[in-house]
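For the sequence shown, the working numbering begins at -12 and goes up steadily by one.
In what follows, a structure is listed as structure tokens, so that the remarks can point back to it.
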Amino acid sequence: MKVDVNGVAVAVVRIDETLYAIADRCSHANISLSEGEVHCGKKELECWKHGSAFSLETGVPSTFPATQPVEVFSVSTNGDEVFVTRRAENGEAS
Ligand code: FES
């Protein structure tokens, strides 16, 4: 699911009961990752344009042509509400 978080496009993915949030922009080109395929076993999101797959946990691509990671976000829930927050450089939520 594509969501807007304070002007930043984010793809929120659910695998079983775990939520992941990853920038909704492929690092290879300006393509929406939320339109790609989720690989549940590998916890990856595949870009539909050229096939690079990005880790939902780290944002690092495991396949070419993308070589740069995309930003991943922290996700928390409170009841039916989902909160997406940017991670600081040291990995802590901010
Ligand atoms: S635009 Fe995503 S892999 Fe090329």
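No residue lacks a Cβ here, since even glycine has one placed at the ideal position from N, Cα and C.
- For Ser21, the number of other beta carbons within 10 angstroms of its own is at least 16, and it is reported as buried.
- A direct Cα-Cα distance of roughly 23 Å separates Arg73 from Lys29.
- Between Leu32 and Val(-8), the CB-CB gap reaches or exceeds 9 Å.
- Straight across, the Cα-Cα distance linking Phe41 with Val(-10) is about 18 Å.
- Counting only the Cα atoms, Asn65 lies some 18 Å from Met(-12).
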